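Okay, so the sequence shown: first residue is 96 according to the working numbering, each after it adds one. The beta carbon of each residue, even a glycine, is placed where N, CA and C say it ideally should be. Just so you know, these numbers come straight off a predicted model, no measurement behind them.
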Amino acid sequence: MTAGEVFDDGNDHVIRVGGVAGWAFAVAPGYTTLTSLQERALSADGVDVIVLSGNGNADRIFIHLRDGACVSGFEPGNAQHRSGDDPDRWVPALQRVGLLTPEGLSALAFSETWVDVRRLMLRMAEDEFQLELPQMDFDGPLRAVRVAPR
């Protein structure tokens, strides 16, 4: 199922999954995000889980989980306020992609679209973990799983 087919179908309870270069990923419409407990369970045993989320109300969230705990989490438009066990873990990467100024303040303009912000956050994660997830891998056909609404 392609990204377009999911949105054309109007089904926001589909998770599309794939893999590239030894990494697995899941793509879901904004309201299909996993619960915090499910995300933490996925990150057990040394697995890094990166959650890039936008809820349709201009809230954009980046969460890095590892070993069942939140390493770091923040809203890119408010990246100077971070949480987690190591809240500063992503500061150098945030500064490299331009989401945080050298002084540690948010560099994101309110007018930036979710697509622009998502691309910056994805590039940041790709650079940090030395991987590349081509846009085709997200938009093209992937295996799809329908989940029950919460």
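_As assigned by DSSP and simplified to three states, the class of R161_ = On the sequence shown, residue 161 is found 66 positions in, with the first residue counted as 1. Reduced to three states, the DSSP call for R161 is strand.
_Considering only DSSP beta bridges, list what D143 is partnered with._
By one-based count along the sequence shown, residue 143 stands at place 48. D143 pairs with R161.
*Among M219, I158 and V146, which one has its Cα closest to the Cα of R177?*
To locate residue 177, count along the sequence shown from 1; it is residue 82. In terms of CA proximity to R177, I158 leads the group M219, I158 and V146.
*According to DSSP, is G113 helix, strand or coil?*
Start at 1 with the first residue of the sequence shown, and residue 113 comes out as number 18. G113 carries a strand assignment under DSSP once its states are collapsed to helix, strand and coil.
_Quick check: what's the CA-CA separation for L195 versus A202?_
One-based indexing of the sequence shown puts residue 195 at position 100. One-based indexing of the sequence shown puts residue 202 at position 107. C-alpha separation (whole angstroms): 5 Å.
*Rounded to the nearest angstrom, how far is the Cβ of I156 from that of S148, given a contact under 8 Å?*
Along the sequence shown, read from residue 1 onward, the residue named residue 156 stands at position 61. Along the sequence shown, read from residue 1 onward, the residue named residue 148 stands at position 53. Right, their Cβ atoms sit about 4 Å apart.
*Comparing alpha-carbon positions, which option in L217, Q175, V240 and I145 lies nearest G163?*
Taking the first residue of the sequence shown as 1, we reach residue 163 at position 68. With distances taken between Cα atoms, G163 lies closest to I145.
*Using DSSP with H/G/I as helix, E/B as strand and the rest coil, what is L217?*
On the sequence shown, residue 217 is found 122 positions in, with the first residue counted as 1. Of the three classes helix, strand and coil, the one that applies to L217 here is helix, per DSSP.
_N-terminal and C-terminal residue of the alpha helix (DSSP H) that A188 is part of_ = Along the sequence shown, read from residue 1 onward, the residue named residue 188 stands at position 93. Taken as a continuous stretch (DSSP letters only), the alpha helix (DSSP H) holding A188 covers V186 to V192.
_Straight-line Cα distance separating D143 from R161_ = Position 66 of the sequence shown holds residue 161. Position 48 of the sequence shown holds residue 143. Taking the straight line from one Cα to the other gives about 5 Å.
*Does the distance from the C-beta atom of L200 to that of Q175 stay below 8 Å?*
Numbered from 1 along the sequence shown, position 105 holds the residue referred to as residue 200. Numbered from 1 along the sequence shown, position 80 holds the residue referred to as residue 175. In terms of Cβ geometry, L200 and Q175 form a close pair [threshold 8 Å].
_Three-state secondary structure assigned by DSSP to L137_ = Along the sequence shown, read from residue 1 onward, the residue named residue 137 stands at position 42. In this structure, L137 counts as helix in the three-state DSSP scheme.
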